[in-house]
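Numbering-wise, our numbering comes out as the position in the sequence shown, counting from 1, plus 570.
Notes to accompany the following structure.
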Amino acid sequence: MNKEEIFKNIPYIKVYRHDITDSFDLYFGQNKNNKDNCRIDVKGFAYYNCETPKAKSDCYRYYLELEISNSQKHKTLVILMLNPSNTFPEMNDKKSTVDGTVKNAVRIAYKAGYSKVIILNSFNYIDGNSLTAIKSTKQSSIEINTKIISNVLKEHKNLMIAWGTKVRKRDKNSILSSIWDIATDLKIYAYAWNKNSNCPYHPATRVDNKKNDFPLTKFLTGKSNLLELAVKKQNDKFDLILKSQIRLCQNWHSMAINKKGKKRNVFLENKN
571 MNKEEIFKNI PYIKVYRHDI TDSFDLYFGQ NKNNKDNCRI DVKGFAYYNC ETPKAKSDCY
631 RYYLELEISN SQKHKTLVIL MLNPSNTFPE MNDKKSTVDG TVKNAVRIAY KAGYSKVIIL
691 NSFNYIDGNS LTAIKSTKQS SIEINTKIIS NVLKEHKNLM IAWGTKVRKR DKNSILSSIW
751 DIATDLKIYA YAWNKNSNCP YHPATRVDNK KNDFPLTKFL TGKSNLLELA VKKQNDKFDL
811 ILKSQIRLCQ NWHSMAINKK GKKRNVFLEN KN
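Have a look at this one:
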């Protein structure tokens, strides 16, 4: 996407574009010797609010777009995660780097058949520690972020939500409510579903453990089918639900129908 499309209807915003490149293996850790392992090369760009982006310095990343050079398909996956970490451009004699979580997001997209990823976040303060990042982020940046998400999803319809268990309720509600009106046209996914917390898994390597039944490893080494999600609304609150679970929810009385008569991937709860 170009700058005008990303920041449409966001006046007086000053941003800096930086190129991002990296190369890494599809499989890692105990699976690095997998016979299907290959090298993934990514090249793209990011928009920051600062000329020299770095973590924990009142710096925000608004947008990250990466092309997967060795993918044979031409499909874009928008991935919505928690907050930016350590993906930075080349600067001060240091090479451009993509952090581990973004690498895992790219791996998921590659295995699912996508050639490009657009990384967005529930809030965009750069800090590897989400707890301190939440305390440092400014409300004005959250409002900008919500508008950017809406702008991107008007152009790209495949969305994977992967913000994990630490997403703030108000951020989740704000984002899901902002896409409620365009949810008809979206295909919303998770790479794995956290049954205990009833939310999509985050792709950080730390969640890929025995306790969680290795969701990332299973996706990368298995059939690699993304799970379909729907947005649900109860009064003025919004949340996500697995489409496969909908038939089990007895209190969902109807599927919303758009003006063309097509079924939507959003669901209204019976208030009675």
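Beta carbons: idealized from backbone N, C-alpha and C, even for Gly.
**Asked** For the candidate residues Y695, Y684, I749 and I712, whose alpha-carbon lies nearest to that of S794?
**Response** Y684
**Item:** Within 9 Å, strictly: CB atoms of N656 and N691
**Value:** no
**Asked** Whose C-beta lies closer than 7 Å to the C-beta of D611 among residues of the same chain, with five residues either side of it excluded?
**Response** S593, S639 and N640
**Prompt:** Among N604, A616 and R609, which one has its Cα closest to the Cα of V585?
**Reply:** A616
**Prompt:** Considering R631, what are the terminal residues of the alpha helix (DSSP H) in which it resides?
**Reply:** Here R631 belongs to no alpha helix (DSSP H); instead the beta strand (DSSP E) covers R631 to I638.
**Request:** Check whether the Cβ atoms of I844 and E635 lie closer than 9 Å to each other.
**Result:** This structure does not reach residue 844, given that the chain is present from 571 up to 842, and the question cannot be answered.
**Status (buried if at least 16 other CB within 10 Å, exposed otherwise) for I718** = buried
**Beta carbon of R631 nearer than 9 Å to that of N674** = no
**Request:** Label N619 either buried or exposed according to how many other C-beta atoms from any shown protein chain fall within 10 Å of its C-beta, with 16 as the threshold for buried.
**Result:** buried
**Item:** Three-state secondary structure (DSSP) of T646
**Value:** Correct three-state label for T646: strand.
**Request:** Alpha carbon to alpha carbon, how far is D628 from K708? Give it in angstroms, no decimals.
**Result:** 9 Å
**Prompt:** Cα separation between Q600 and D778?
**Reply:** Cα atoms of Q600 and D778: separation of roughly 12 Å, rounded to the nearest angstrom.
**Item:** Span of the alpha helix (DSSP H) around Y680
**Value:** G670 to K681
**Item:** Bridge-paired residues (DSSP) for Y695
**Value:** Y630
**Asked** Which residues share a DSSP beta bridge with Y761?
**Response** DSSP output for Y761 lists no bridge partner at all.
**Asked** Among L799, N805 and Q804, which one has its Cα closest to the Cα of K813?
**Response** L799
**Asked** Which class does D741 belong to by DSSP, given the choice of helix, strand or coil?
**Response** helix
**Prompt:** Which whole-angstrom value is the C-beta distance of K803 and W763, which I expect to be below 8 Å?
**Reply:** Incorrect: roughly 19 Å between the Cβ atoms, too far for contact.
**Asked** Looking at the unbroken beta strand (DSSP E) that takes in T791, where does it start and where does it end?
**Response** It is not in any beta strand (DSSP E) - T791 instead sits in the alpha helix (DSSP H) that spans P785 to T791.
**Prompt:** Roughly how many angstroms lie between the CA atoms of T735 and S711, to the nearest whole one?
**Reply:** 21 Å
**Unbroken alpha helix (DSSP H) run spanning I752, endpoints** = Run containing I752: none; DSSP gives neither H nor E here.
**Prompt:** When burial is assigned at 16 or more other CB atoms within 10 Å of the CB, is Y633 buried or exposed?
**Reply:** Classification for Y633: buried.
**Asked** Does DSSP classify S522 as helix, strand or coil?
**Response** The chain is shown from 571 up to 842; residue 522 falls before or after that span and cannot be answered.
**Message:** Do K613 and E637 have their beta-carbon atoms positioned less than 9 Å apart in this structure?
**Reply:** yes
**Item:** Secondary structure of G599, DSSP reduced to three states
**Value:** helix
**The alpha helix (DSSP H) enclosing E798, as first and last residue numbers** = For E798, no alpha helix (DSSP H) run applies; the uninterrupted beta strand (DSSP E) run containing it begins and ends at L797 to Q804, by DSSP.
**Asked** In chain order, what residues of the same chain have a beta carbon less than 8 Å from the beta carbon of K624, not counting five sequence neighbours either side?
**Response** F658 and I696
**Asked** When DSSP labels each residue in this structure, what does L723 get in the three-state scheme?
**Response** Helix.
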